[in-house]
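One structure below.
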Amino acid sequence: MAAEAHNRPVALHRTTSNHSFSSLPLSYASSSSLLKSETITNPYPLKGRDVVIELGNQQQDEELRRDIRKLGGRIVENIDENKLPFVVISDHPGASRLEMMKGVYNDKMILKDLPLILKQAVRSNVKVRSYVTFQQQFARFKSRIRSAKSLTNAPQKRSAKMVDGSVKEKKVRLLKRPFIKWQDSRKHYAPSYKECSTPRWTTVYFGPAAGNCVFRRVTAEQLERRKREGQLLMPEDSDPPSSPGREKSVKSGKSVKINRTVKTPRNKFCDLCNKAFDDMEQHYDSKEHMISATQPGMYDEVDLCVGSVVDHVVCPAALSSVRLPDITPMEDEPTFPPDGARYYESSEGNYEFTLLNKN
6 MAAEAHNRPV
16 ALHRTTSNHS
26 FSSLPLSYAS
36 SSSLLKSETI
46 TNPYPLKGRD
56 VVIELGNQQQ
66 DEELRRDIRK
76 LGGRIVENID
86 ENKLPFVVIS
96 DHPGASRLEM
106 MKGVYNDKMI
116 LKDLPLILKQ
126 AVRSNVKVRS
136 YVTFQQQFAR
146 FKSRIRSAKS
156 LTNAPQKRSA
166 KMVDGSVKEK
176 KVRLLKRPFI
186 KWQDSRKHYA
196 PSYKECSTPR
206 WTTVYFGPAA
216 GNCVFRRVTA
226 EQLERRKREG
236 QLLMPEDSDP
246 PSSPGREKSV
256 KSGKSVKINR
266 TVKTPRNKFC
276 DLCNKAFDDM
286 EQHYDSKEHM
296 ISATQPGMYD
306 EVDLCVGSVV
316 DHVVCPAALS
326 SVRLPDITPM
336 EDEPTFPPDG
346 ARYYESSEGN
356 YEFTLLNKN
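Per this note's numbering, residue 6 is the first one in the sequence shown, and the count goes up by one each step.
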């Protein structure tokens, strides 16, 4: 049965033997898959292309023809030198060997074991695919088409319903406490917020309201010392003396003690001991960690970096800016008398002594 073949682009080159033109398909250097992944949105990847089928099983031949037509291809019975087909599909054992060459064949190939249609494909540089390979590619292509259709047919987001000719007002959702919210003072931009899933929230103090660290409010003793140093701070911003573990309740406004019995999740690695442990709370109470944490000079470099070196704490890592005075003994050193004398002189008087061993 003869069928019309679609014109496909070809490149013409002149051979050196007979100076005649022969056609060479431009798609011979394409990938091994006929149904490429970029054609997922196109349900007809073989549209306008001619396919030659050479199968011995009549049932497989009819099924393959239906699949080719579903993909938009046309079936031709032979290879025309002027209008080369896109691919030749065959169930011959030699087709598996030819499909690995991707349409570029060696001139010294032995063609006597191949059928006539495959010999013509080799001479015309037409791609060859085996029946099994094409069925596998066609199955993968159908699965990609189904996935693309499922995404295309997904329900679209509905617009806001019109109520009395106007858009229905959106409900305002209040943030759940505790939360963090960042917003510019002019309110020109949408704010950023973060809701916390746990009710345990540690207060952070900034600027002059911070004590030894950002998680401790300044105490009265620290406030007095800062006033002497010239850093003024309102008294109501400080906590009572010796109360670093208390915070102000939101409901009652009274000072309540912080519950420290709740375990805080930490990394399972101790920087002091340089080891990893499964139970960090048990490790912190162990003797090994206490010995490492209480070594002299363990935190000297940290104290020097944060500026917490004070007069009554000796920090070997900190360079001493004031030279200590030399220690002068309260009493004069005793001067041994010459031989025969049993006393020595000092600023407080004369003392008698007994020399037990002169040497």
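Glycine included, every Cβ here is placed at the ideal spot set by N, Cα and C.
Can you tell me where the alpha helix (DSSP H) with residue i in it begins and where it stops?
i    : result
K192 : Here K192 belongs to no alpha helix (DSSP H), and DSSP marks it neither H nor E.
K377 : What the structure shows of the chain is the stretch from 6 to 364, and residue 377 is not part of that stretch, so it cannot be assessed.
R102 : 98-103
E86  : Per DSSP, E86 belongs to no alpha helix (DSSP H) and is neither H nor E.
V127 : 121-128
M285 : 285-289
In whole angstroms, what separates the C-alpha of residue i from that of residue j?
i    : j    : result
D179 : F146 : As written in the sequence, residue 179 is Leu, which differs from the Asp given in the question. If you take the alpha carbons of L179 and F146, they lie about 49 Å apart.
H294 : K273 : 14 Å
K192 : C201 : 23 Å
V127 : E67  : 25 Å
F282 : S297 : 15 Å
M303 : K176 : 56 Å
Q227 : G216 : 7 Å
K124 : Y110 : 11 Å
G77  : P50  : 7 Å
M285 : C278 : 12 Å
A153 : N62  : 33 Å
P30  : S197 : At P30 the pLDDT is 36, less than 50, meaning the model places this residue with poor confidence and gives no usable figure here.
Report the partner residues of residue i according to the DSSP bridge assignment.
i    : result
A215 : R222
C275 : K280
So, helix, strand or coil for residue i, using DSSP?
i    : result
N12  : Low confidence applies to N12: its pLDDT is 42, below 50, so where it sits in the model is not reliable, and the reading given next is rough at best. Coil.
I58  : strand
F91  : coil
K154 : helix
S148 : helix
I80  : strand
Y304 : coil
Y210 : coil
K75  : helix
E415 : The structure shown has nothing for residue 415, since the chain only spans 6 to 364.
E200 : strand
K186 : strand
E229 : helix
How far does the beta strand (DSSP E) with residue i in it extend, from its first residue to its last?
i    : result
K176 : Looking at the DSSP string, K176 is not in any beta strand (DSSP E), and its letter there is neither H nor E.
K132 : 132-135
Quick check: is any heavy atom of the ligand HEM less than 6 Å from the C-beta of residue i?
i    : result
K273 : Annotation note on the ligand HEM: not contained in the displayed structure, which lists no ligands.
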